[in-house]
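**Q**
In this note's numbering, the protein residues as written are 10 to 167.
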């Protein structure tokens, strides 16, 4: 499946994260993406290093695409290269618009990759549901190697 016409990697990733993953955790998903992605088989999932048991989808955005993986209470959205250098700004703006109570927890050097940074957010939806959002993005000035967002659904005990 191709992404909606004219959409870039970073725009699609932002839409999947904010309107898909976070909205799902909040309990307020609105509508569906146009078209259907390609679902990866367990063998294809294993080939890209994913653990068995989840579901992974691929959205074609030429020349590559955007991956969306769900496993348990965690979802991951990522793509390689493309416009990874613009993805953080796109995500940050959409996140603040949709969830003004989202709080940035930290932003620093990535512990494993010298050309990347890691930013964390807490998104409190106000209904005992919370999401932890960890974003791996290219260090400014570095080539856009990979953009990855990991969303973990949590529940607050009252």
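Note that the Cβ used here is the ideal one computed from N, Cα and C, for glycine as well.
Remember, predicted model here, so these are calculated numbers, not experimental data.
Counting only the same chain and skipping the five closest in sequence on each side, list residues whose C-beta sits under 7 Å from that of residue 10.
**A** Summary for residue 10: the model assigns pLDDT 44, below 50, so the residue's position carries little reliability; its value from the coordinates is reported in the next sentence. The residues are 44, 45, 46, 47, 68, 69.
**Q** Output the distance between the C-alpha atoms of residue 153 and residue 23, rounded to the nearest integer angstrom.
**A** Going by the C-alpha atoms only, they are around 16 Å apart.
**Q** Distance check for residue 89 and residue 42, CA to CA, integer angstroms please.
**A** About 21 Å.
**Q** For a test of your reading of the model: does the CB of residue 97 fall under 7 Å from any non-hydrogen atom of the ligand MG? Yes or no.
**A** Absence of the ligand MG from the depicted structure is noted, as is the absence of any ligand whatsoever, leaving it without description.
**Q** Quick check on the burial criterion: 16 or more other C-beta atoms within 10 angstroms. Buried or exposed for residue 121?
**A** Exposed, because fewer than 16 other Cβ atoms sit within 10 Å of the Cβ of residue 121.
**Q** With DSSP collapsed to three states, give me the class of residue 63.
**A** Coil.
**Q** Determine, using beta carbons only, whether residue 97 and residue 26 come nearer to each other than 8 Å.
**A** No; because the gap between Cβ atoms is not below 8 Å, this pair is not in contact.
**Q** Contact check, residue 146 vs residue 128 under 8 Å by CB: the rounded distance?
**A** Going by Cβ atoms, the distance from residue 146 to residue 128 rounds to 7 Å, so yes, they are a contact pair.
**Q** Following the continuous alpha helix (DSSP H) through residue 20, name the residue where it begins and the one where it ends.
**A** Start and end: 18–24.
**Q** Just to confirm before moving on: does the CB-CB distance between residue 140 and residue 34 stay below 8 Å?
**A** Yes, they are a contact pair.
**Q** Helix, strand or coil: how does DSSP classify residue 11 here?
**A** Residue confidence is low: residue 11 scores 49 on pLDDT, short of 50, so the model does not pin down where it sits. No coordinate-derived value is stated.
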